[in-house]
Amino acid sequence: MQHELELVCPAGSLPALKAAVDNGADCVYLGFRDDTNARNFTGLNFDAANARSGVAYAHSKGAKVFLALNTYPRAAGLERWKKAIDLAAELGMDAVILADPGLMQYAMKTHPLLHLHLSVQGSATNYEAINFYHEHFGIRRAVLPRVLSFAQVEELSGGTPVELELFGFGGLCVMVEGRCSLSSYATGESPNNCGVCSPPKAVRWQQTSRGLESRLNGVLIDRYTDKENAGYPTLCKGRFAVEGETYYVMEEPTSLNTLELLPELLRIKVRGLKIEGRQRSPAYVAQVTRVWREAIDQCIKDPPGFSVRPAWAAELGRISEGQQHTLGAYHRPWK
Amino acid sequence: MKLALGPILYYWPREKLQAYYEEIAATPVEIVYLGETVCSRRHVMRLPDWLDAAKMLAAAGKEVVLSTLSLIESESDLKSLRRITENGHFAVEANDMGAVRLLARRVPFVAGPYLNIYNPQTLSLIASLGARRWVMPVEMSQETLQSLLLSRPAGIETEVFSYGRLPLAFSSRCFTARYHNLPKDDCRFLCINDPDGKTVHTREGKPFLAINGIQTQSAQVYNLIGDLDSLQQTGVDAVRISPQSEHSGEVIRLFRDCIDQRVGREHAVRQIERLFPEAGCNGYWHGRPGIEQAILASAIQHD
Numbered sequence: 078m079q080h081e082l083e084l085v086c087p088a089g090s091l092p093a094l095k096a097a098v099d100n101g102a103d104c105v106y107l108g109f110r111d112d113t114n115a116r117n118f119t120g121l122n123f124d125a126a127n128a129r130s131g132v133a134y135a136h137s138k139g140a141k142v143f144l145a146l147n148t149y150p151r152a153a154g155l156e157r158w159k160k161a162i163d164l165a166a167e168l169g170m171d172a173v174i175l176a177d178p179g180l181m182q183y184a185m186k187t188h189p190l191l192h193l194h195l196s197v198q199g200s201a202t203n204y205e206a207i208n209f210y211h212e213h214f215g216i217r218r219a220v221l222p223r224v225l226s227f228a229q230v231e232e233l234s235g236g237t238p239v240e241l242e243l244f245g246f247g248g249l250c251v252m253v254e255g256r257c258s259l260s261s262y263a264t265g266e267s268p269n270n271c272g273v274c275s276p277p278k279a280v281r282w283q284q285t286s287r288g289l290e291s292r293l294n295g296v297l298i299d300r301y302t303d304k305e306n307a308g309y310p311t312l313c314k315g316r317f318a319v320e321g322e323t324y325y326v327m328e329e330p331t332s333l334n335t336l337e338l339l340p341e342l343l344r345i346k347v348r349g350l351k352i353e354g355r356q357r358s359p360a361y362v363a364q365v366t367r368v369w370r371e372a373i374d375q376c377i378k379d380p381p382g383f384s385v386r387p388a389w390a391a392e393l394g395r396i397s398e399g400q401q402h403t404l405g406a407y408h409r410p411w412k
Numbered sequence: 566m567k568l569a570l571g572p573i574l575y576y577w578p579r580e581k582l583q584a585y586y587e588e589i590a591a592t593p594v595e596i597v598y599l600g601e602t603v604c605s606r607r608h609v610m611r612l613p614d615w616l617d618a619a620k621m622l623a624a625a626g627k628e629v630v631l632s633t634l635s636l637i638e639s640e641s642d643l644k645s646l647r648r649i650t651e652n653g654h655f656a657v658e659a660n661d662m663g664a665v666r667l668l669a670r671r672v673p674f675v676a677g678p679y680l681n682i683y684n685p686q687t688l689s690l691i692a693s694l695g696a697r698r699w700v701m702p703v704e705m706s707q708e709t710l711q712s713l714l715l716s717r718p719a720g721i722e723t724e725v726f727s728y729g730r731l732p733l734a735f736s737s738r739c740f741t742a743r744y745h746n747l748p749k750d751d752c753r754f755l756c757i758n759d760p761d762g763k764t765v766h767t768r769e770g771k772p773f774l775a776i777n778g779i780q781t782q783s784a785q786v787y788n789l790i791g792d793l794d795s796l797q798q799t800g801v802d803a804v805r806i807s808p809q810s811e812h813s814g815e816v817i818r819l820f821r822d823c824i825d826q827r828v829g830r831e832h833a834v835r836q837i838e839r840l841f842p843e844a845g846c847n848g849y850w851h852g853r854p855g856i857e858q859a860i861l862a863s864a865i866q867h868d
C-alpha cells in the first residue's frame, strides 16, 4: 500500500525487522555488521544471509528495505564500503543511505538503478546542499539533521525536488549530525570515523563515596546520587561545570517525540518519518511502530481532527523509561 | 609549508577585530581566512567590513580567503552566503555543501574542514569541482592522511588545523545563551564576553570542552608545533593557526621560525606552551583520542 507519509523503522536484527514490518512499518532500515554504518555495536546488525532473509520478508509484506551505509570510509577500508553497496544492489534493497560523496559517485556509476538517500550524517541543513547531492548523484531523498525548526523545514522543502525524511521519535542528537567529533575527542572513535558515539567499550561505572560515576575513557561524564536515575554516558548529555555552575551544559537526557506535529508534516509533504533506535529490542520496535502506524493512519484520514491520544503518549512514555520528551529544534524555543 | 590563519571562531568587538588584523598584516603568515563561520546572529562586522579588512591584508601581501558560515539553516543565511560566493574578487572557503554548489565550476575555492573529506574519491570529486586547497577534518590522523595523499589529485593543496582550541561540534542550540538562561533568539550577544569561549570543566574540575555559541570546542589547545617535521613529510602544504584572543603574533612567528629551522623544535614547544589558555593536546594527529598529548619523539630520546 502506498502511503503519502512513509513510516521508516529501525531494524538492528532480523527479529526487530519482522517486528517493524508486522506492526505496520512502510520501510525498515538496517546496517551491516561492521563500521560501514553509524550503529556499529557488538551483537547488532546483519550479515549477508540475514539481510537476504530480511529483504525477502519485508518485500513479501510490501515493505521497503533501506541499507544504512552512513560512515565515512578512509582510503584503507574503502573496498568494504563498495562491497556493501554491491551487496545492497544484489539483494534488491530499495535504497542505500549514504553520507560520503565519493561513495555516492561509486554507487551511481556502478549501480545506476539503485536509489540513493542522503544520510543525516551528510549534514545537509539547506536546499542548496541537498540540491548539490541531487545534481551530482541523483539522490531521491534526504534525511534532515535534527537542528532545523519546523518553519525552517517548511522553507527548505520549497527549494528542492528531493523527498525529505525527518526524525520523529527516539534519541535526540543535539549536534548537527556528521559535524560532531566530541566522541573521538574523548575516546578516539566517532560517528564519522567508526560508526559509534560514546562507545560502550570506553564506558566505566564506579561507585564512589561521592556517588555513582560514569566515565568515558577516563573523562567524568556524570555522577549520580542514590536518588537519581543513572543514564548512559552519552557525552553531550553529561553534567559539567561552567564557571562553577554544574548542569546539563548541552542537553538533558531527553528524547525526541513529534507525534503532535504529524498534521503539519503531512501538510508540507514530508515523505519519510524516521524512528531512531537500531540498538533497541524487537519488543520496543514493535510497540513504537504500532503507535506511530495508528497515529499516521488517523492523521491521514482526518488531518484537522487529529490529536495525540493519551494512550499513545502513555505507551511511548512507558518505553522511554520515564525520560522526558521534547520537540527538539522543531520547536524554535528549544534552540 | 605555508602558514595560514583560520577565521576567528569567537565574537570579538569590532575594535578588537580591526586592531587584530592590523597586527596580523605585519606577521609572517601567508594566508588569512576572514569572516563569521559560527553564528549568523553575530553582526559587529558586516560583509563590507570584512571586505575592508580583506583589502588591507591583500595590500600587505596576504592571500585572503572569505570563509562561509558552517551551519546554514534559513533563506536569510543563504542570502548572506550568496553575497560572499558572488563577491567577485576574493577566494572563498566553503564550509557547507550548499556553498560548494554555489562555487562549483565557477570560482576556485577552498574546501573547509567541515566538509567531511575522508578519502581520495571524495577529494578528487571536490578537486574536479574547482577546489584548489582542502582542509583536513580535525579528527583525522597522520596515518589516514598519508594513505589518502597517495592518490591525491593534481593541483590541490592540503591544509591541516595545527594550533588552537579544536572546533569539535556544531548545534542549532546556543550553549552560551543556555548558560545565561536566555533563548537563542534573545541571546543579547553575551558570547562577546568570552574571547576564547567559556571553559567547560568535568565535575572533578578538569578542563574538558569550551562553549562558543552554537559551537563546542576542546578546552585543550591543539598544537602540532612539535609535529611539524611529520606534517612536512606527509605532504602538508599549509598549517592552520586558529586565532585565540592573545598571542597570535607570537604563535605565528614561532611556527614560522620552527618551519624555517631557525629555532629548535623543543625550544619552540616550550615557548608556545606558555601562551596557551589551557594545556595542550595533539592526540588526533597521532591516531589517539584528540584530548591526549602524545610524547614527542625528541623528548623520548632526551628523557
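If you read the protein sequences in the order shown, they are chains A and B. Going by this note's numbering, the first sequence opens with residue 78, and the numbers climb by one from there. Going by this note's numbering, the second sequence opens with residue 566, and the numbers climb by one from there. Ideal placement from N, C-alpha and C gives every residue a C-beta, glycine not left out.
Paired residues, beta bridge with residue i - DSSP
i, result
"residue 261 (chain A)", "Paired residue(s): none; residue 261 (chain A) is not in a bridge."
"residue 631 (chain B)", "B:599, B:657"
"residue 806 (chain B)", "B:570, B:728"
"residue 252 (chain A)", "B:736"
"residue 783 (chain B)", "B:774"
"residue 834 (chain B)", "Beta-bridge pairing links residue 834 (chain B) to no other residue."
"residue 846 (chain B)", "B:787"
"residue 282 (chain A)", "A:291"
"residue 699 (chain B)", "B:676, B:723"
"residue 608 (chain B)", "Its beta-bridge partners do not exist; DSSP assigns none."
"residue 407 (chain A)", "Per DSSP, none; premise fails for residue 407 (chain A)."
Cβ pair residue i, residue j closer than 9 angstroms
i, j, result
"residue 297 (chain A)", "residue 264 (chain A)", "no"
"residue 748 (chain B)", "residue 410 (chain A)", "yes"
"residue 658 (chain B)", "residue 703 (chain B)", "no"
"residue 585 (chain B)", "residue 706 (chain B)", "no"
"residue 110 (chain A)", "residue 145 (chain A)", "no"
"residue 219 (chain A)", "residue 242 (chain A)", "yes"
"residue 666 (chain B)", "residue 205 (chain A)", "yes"
"residue 324 (chain A)", "residue 317 (chain A)", "yes"
"residue 778 (chain B)", "residue 576 (chain B)", "yes"
"residue 210 (chain A)", "residue 199 (chain A)", "yes"
"residue 802 (chain B)", "residue 723 (chain B)", "yes"
"residue 43 (chain A)", "residue 107 (chain A)", "The structure shown does not extend to residue 43 (chain A), since chain A is modelled only from 78 through 412, so no value can be given for it."
"residue 776 (chain B)", "residue 740 (chain B)", "yes"
"residue 678 (chain B)", "residue 701 (chain B)", "yes"
Range covered by the alpha helix (DSSP H) that runs through residue i
i, result
"residue 136 (chain A)", "125–137"
"residue 229 (chain A)", "227–234"
"residue 373 (chain A)", "359–378"
"residue 214 (chain A)", "204–214"
"residue 649 (chain B)", "640–650"
"residue 687 (chain B)", "685–693"
Nonlocal neighbours in the same chain, by C-beta distance under 7 angstroms from residue i, ignoring five residues either side
i, result
"residue 332 (chain A)", "247, 248, 249, 397, 400, 402"
"residue 406 (chain A)", "223, 224, 225, 226, 412"
"residue 863 (chain B)", "In this prediction, residue 863 (chain B) has a pLDDT of 46, which is less than 50 and means its spatial position is unreliable; what the coordinates show is noted afterwards. If we look at residue 863 (chain B) and ignore the five residues flanking it on each side, its Cβ neighbours are 830, 831."
"residue 867 (chain B)", "Any reading at residue 867 (chain B) is ruled out, since the residue's pLDDT is 41, under 50, leaving its predicted position unreliable."
"residue 155 (chain A)", "none"
Range of the contiguous beta strand (DSSP E) that encloses residue i
i, result
"residue 567 (chain B)", "567–570"
"residue 324 (chain A)", "322–325"
"residue 299 (chain A)", "296–301"
"residue 86 (chain A)", "83–87"
"residue 218 (chain A)", "218–220"
"residue 334 (chain A)", "331–334"
"residue 76 (chain A)", "In this structure chain A extends from 78 to 412, so residue 76 (chain A) is not present and cannot be described."
Own chain, CB closer than 8 angstroms to residue i, minus 5 neighbours either side, in chain order
i, result
"residue 734 (chain B)", "780, 781"
Proximal residues to residue i (C-beta, below 6 angstroms), its chain only, five neighbours per side dropped
i, result
"residue 814 (chain B)", "588, 592"
"residue 129 (chain A)", "168"
"residue 836 (chain B)", "819"
"residue 311 (chain A)", "275"
"residue 800 (chain B)", "714"
"residue 149 (chain A)", "177, 269"
Chain E within 9 angstroms of residue i, Cβ atoms only
i, result
"residue 798 (chain B)", "The chain labelled as chain E is not found among the protein chains of the depicted structure, namely A and B."
Counting pairs of beta carbons, one from the segment 613–633 of chain B and one from the segment 209–224 of chain A, are three or more of them closer than 8 angstroms?
no
Do three or more CB pairs link the segment 764–774 of chain B to the segment 666–673 of chain B at distances below 8 angstroms?
no
Would you call the segment 721–738 of chain B in contact with the segment 255–263 of chain A, where contact means no fewer than 3 C-beta pairs closer than 8 angstroms?
yes
Under 8 angstroms, with one C-beta from each stretch per pair, do the segment 715–727 of chain B and the segment 673–690 of chain B reach the 3-pair mark?
yes
Report yes or no: do the segment 88–106 of chain A and the segment 350–362 of chain A share at least 3 C-beta pairs separated by less than 8 angstroms?
yes
Inter-stretch contact (C-beta, 8 angstroms, three-pair minimum) for the segment 630–644 of chain B and the segment 600–610 of chain B
yes
Touching by the beta-carbon criterion (3+ pairs, under 8 angstroms), the segment 264–273 of chain A and the segment 298–308 of chain A
no
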